[in-house]
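Protein chains in written order, with my numbering: chain A, 26 to 384; chain B, 2 to 562.
C-beta: ideal position from N, C-alpha, C; glycine also.
A quick note: this is a predicted structure, and the numbers were derived from the prediction, not measured.
These notes concern the structure reproduced below.
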């Protein structure tokens, strides 16, 4: 159970959707393709499933080439043995839960006794054994999601594809299913590709993340690697860095950098710097900053709180500096007593400030 | 909020109008079927009797029932099969020239069945049938005879395609492409996907379309009258007409057959509505839905060929026959070469038809009655639909049922009922164009009210409430907000009413008088007298007229389909 993709390209009319993507996914791993809508992540996955015909590239599943434009190899969708959980779940409303899950096995012409055991086993695993004879049009979103998962798993696919399967669910259900999905994936050692635009989902589910934009892979790595050191400010923006300030000019210092913003403010930080002369931005995660009430003689990042939004576990503050920049800060000290209008100082460790290339 | 007396007055007025338009024709026919005389005819005192029904049990009626069944069942199979294939090609595949496919699926709706039947009888009947002449010239030992059960079935099957097409196109467009893709991914080949997923998903629409088509064919009059009449093949509807018009007439027996037909149709309509209710497999959320068309590969051109073949048989051949019939002089045609020989062509027939004052009168009558039915009808349909959907007036339910009554009323029964109603009511309406307008308005009520209701349902009533909260009165809110939002649906309903009224024959045939002939009636009469070049000329004009109306209306009607 492994997937190899090399040089995958696909355009729709004149618009390039995938501009040369390589994937090497070993057995039992979960790869998340992360990116904004239109970045080519879904098209990449649909090419692997066989639902789209790539313009170029080679795709092999389990060492078997299923697509090779140059060699005219095109294995049709129904013979690729991939499982897929669709965004709409695609549960057939005219069939019962059991019939839905049994469908792939019927297509494989599995004898009915064997089929029944395997279907019930799988329904057991996703907690829907009692629903076997229910009409599937009466299921809730979360239940449909699990039927879709069972239907894909029951065929023992070489690879399981997930097309934003949680995006149509409400937030709490999504949190719960995300954990269940990760559990199941680890237990069954599923080799899977998961497409999403939600960074939390990506971080929680992936063994490896590929961030895509404009049809290309911009960065790939483990969730922790990506979170700790995004390659560009655009990727940082996608991973929750909400304070991004383009630098007018910047210079490397010993073990760090100083950068001047458009407002004239000079920020300094530590860590690696982009290649000399590259356009760059200072990126800071709101949870890496802290606030305290300012005293009259404080200097530095002194400003006024314009918004305080209490989220339960933390509070999100927006602070406006006299030069006009707006900073976002997350504080876990919910009893700090800071309110809208308070004059505060933003405190940051040097390591919190990262200078990242904009491209 | 209106005051109570005003509310009651509005409702009473609407119920009264519907009662006269649709309920009275039904009641008149029921009464006549249990009576010895025509209701309120002023002749002998009516006596109650079951005699009209007992008199029905004759071999003739059994044969008519059997014929009706045969042509309707087989016709439905043909029409729904063609319609389903066209709908699938247009909705789900990458067939080339898609707008053309769509047009072909809808176009037969706007062909007059009178013209179609007349033309087919000239194309494929007897030694002088155009197709038979061509077949002989090609030395093919095969001769067609469309004046037969098979012919009636064929014409039914060809021209009732749009009903199935419209319903299935709608249903198939709504099937989420991921449902099919999921089947492919999970191991099903193309044919399995179609058989196990796609068509089962639209089964309610398929069944609904079949029943609707069957009902329409079972009550169909012009086709069996024109193709079956000359060779003595009767269906239930032609039997009613024959009982009405022969001398001496048997109007009470005709009424009894009419009620029998009404009963059959009612059961089927009820069944159809029941089937469609709550069996809606739509799974479209609008979210993440992208049109995914099935690549047909090398079958693309074969599929287009099928569409063009159908278009050629249903539309191309008849139009060719009309052109030849209108231009060609002399009835005797030796062979295929002579059929197309321009030496025999002249514009005389066409010229004399265009200058014929009777024909001119009929054109004016057709356009007048059609336009009036469209304007009056659509206004009425809008008011009824609005009252049903958006008010809490008492009696809304009754109004809704009344508006749907014509679904179960065969056109012939409608015609007879309207005739007797306006002979009984002492107003000078019978014998004028008004009685035709009344018949069309009543007959087309279910289709109009439904179309407008559907579009009202799509407009959230908060939009109108917001206007009222902002200070508009209810009528003003309707005029400024609801009506403009529904403009497309209202205009399209008016156009459809205009076209369907313009191609109506059945009830017109029972209601016309010397000065109120419409085109379909003129064609039918001329065909009975065997005036082919006259019939062809006038049919050509009629067809062009319908075509022009359709093309003008198409822009708006697209939204309705």
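Contact set between residue i and chain A, taken where Cβ atoms lie within less than 9 Å
i             : result
residue 401/B : Under the 9 Å cutoff, chain A gives no residues; its nearest Cβ is about 27 Å from residue 401/B.
residue 361/B : The premise fails here: residue 361/B is roughly 54 Å from chain A at the closest Cβ pair, so nothing lies under 9 Å.
residue 202/B : 117, 118 and 119
Contacts of residue i in chain A (Cβ-Cβ under 7 Å)
i             : result
residue 187/B : 128, 129, 132, 176 and 180
residue 190/B : 103
Same chain only: Cβ atoms within 7 Å of residue i, ignoring 5 sequence neighbours per side
i             : result
residue 535/B : 350, 354 and 527
residue 407/B : 23, 415, 443, 444, 446 and 447
residue 501/B : 445
residue 440/B : 415, 416, 419, 508 and 512
residue 160/A : 121
residue 151/A : 171, 174 and 175
residue 36/A  : 42 and 80
residue 147/A : 126, 175, 178 and 179
residue 469/B : 475 and 478
Residues of its chain near residue i, where Cβ-Cβ distance is below 6 Å and the 5 sequence neighbours each way are ignored
i             : result
residue 514/B : 432
residue 40/A  : none
residue 256/B : 30, 33 and 34
residue 518/B : 363
residue 245/A : 235
residue 311/A : 267, 353, 354 and 355
residue 77/B  : 211, 214 and 215
residue 159/B : 315
residue 255/A : 261 and 264
residue 520/B : 363, 367 and 543
Chain B residues whose Cβ lies nearer than 9 Å to that of residue i
i            : result
residue 40/A : The premise fails here: residue 40/A is roughly 14 Å from chain B at the closest Cβ pair, so nothing lies under 9 Å.
Alpha-carbon spacing of residue i relative to residue j, whole angstroms
i             : j             : result
residue 476/B : residue 154/B : 49 Å
residue 409/B : residue 93/B  : 33 Å
residue 137/A : residue 43/A  : 42 Å
residue 110/B : residue 116/B : 13 Å
residue 225/B : residue 510/B : 15 Å
residue 350/A : residue 214/A : 47 Å
residue 27/B  : residue 361/B : 34 Å
residue 194/A : residue 147/B : 60 Å
residue 222/B : residue 371/B : 20 Å
residue 362/A : residue 53/A  : 49 Å
residue 1/B   : residue 209/B : In the structure as shown, chain B starts at 2 and stops at 562, and residue 1/B therefore has no counterpart that could be examined.
residue 246/B : residue 119/B : 21 Å
residue 227/B : residue 401/B : 36 Å
residue 135/A : residue 238/B : 55 Å
residue 377/A : residue 297/A : 12 Å
Contact set between residue i and chain A, taken where Cβ atoms lie within less than 8 Å
i            : result
residue 99/B : Those within 8 Å of residue 99/B in chain A number zero; the least Cβ separation is about 17 Å.
residue 6/B  : Going along chain A, no residue has its Cβ under 8 Å from residue 6/B, so there is no contact; the nearest lies around 47 Å.
Chain-order list of residues whose beta-carbon lies under 8 Å from that of residue i (same chain, five-residue window excluded)
i             : result
residue 95/B  : 294, 295, 296, 297 and 301
residue 107/A : 73, 74, 75, 86, 182, 183, 184, 185 and 186
residue 102/B : 87, 90, 91, 96, 305 and 308
residue 244/B : 250, 251, 252, 254, 255 and 258
residue 523/B : 359, 360, 363 and 539
residue 340/B : 131, 134, 135, 325, 329 and 334
Per-residue contacts from residue i into chain B (C-beta, under 8 Å)
i             : result
residue 107/A : 186
residue 111/A : 179, 182 and 183
Residue i beta carbon near the ligand HEM (any heavy atom closer than 7 Å)
i             : result
residue 364/B : Of ligands this structure carries none, so the ligand HEM is not represented either.
> Which of the residues in the stretch 54-78 of chain A, read from start to end, lie with their CB under 8 Å from any CB of chain B?
Replying inline: The stretch 54-78 of chain A vs chain B, Cβ under 8 Å: 74, 75 and 76.
> Which runs of the alpha helix (DSSP H) fall wholly inside the stretch 98-144 of chain A and span at least 4 residues, in chain order?
Replying inline: Runs of the alpha helix (DSSP H) inside the stretch 98-144 of chain A: 122-132.
> Taking only runs of the alpha helix (DSSP H) that begin and end inside the stretch 166-206 of chain B, which ones reach a length of at least 4 residues, in chain order?
Replying inline: With a minimum length of 4 residues, the continuous alpha helix (DSSP H) runs that stay inside the stretch 166-206 of chain B are 178-186.
> Which residue spans inside the stretch 388-441 of chain B form an unbroken alpha helix (DSSP H) run of at least 4?
Replying inline: If you keep only unbroken alpha helix (DSSP H) runs of at least 4 residues inside the stretch 388-441 of chain B, you get 397-409 and 412-425.
> Listed in chain order, which residues of the stretch 163-184 of chain B have Cβ atoms closer than 8 Å to some Cβ of chain A?
Replying inline: So the close ones are 177, 179, 180, 182, 183 and 184.
> In chain order, which beta strand (DSSP E) runs of at least 3 residues are fully inside the stretch 251-286 of chain A?
Replying inline: DSSP runs (the beta strand (DSSP E)) wholly in the stretch 251-286 of chain A: 268-278 and 281-286.
> Between the stretch 377-389 of chain B and chain A, which residues of the former have CB atoms less than 8 Å from a CB of the latter, in chain order?
Replying inline: Cβ contacts with chain A come from no residue of the stretch 377-389 of chain B.
> For the stretch 196-229 of chain B, which residues have a beta carbon sitting closer than 9 Å to at least one beta carbon of chain A?
Replying inline: Those residues of the stretch 196-229 of chain B that come within reach of chain A (Cβ to Cβ, closer than 9 Å) are 197, 198, 201, 202 and 204.
>> So within the stretch 123-152 of chain B, which uninterrupted alpha helix (DSSP H) runs reach at least 4 residues, ignoring any that extend past its ends?
In response: DSSP runs (the alpha helix (DSSP H)) wholly in the stretch 123-152 of chain B: 131-138.
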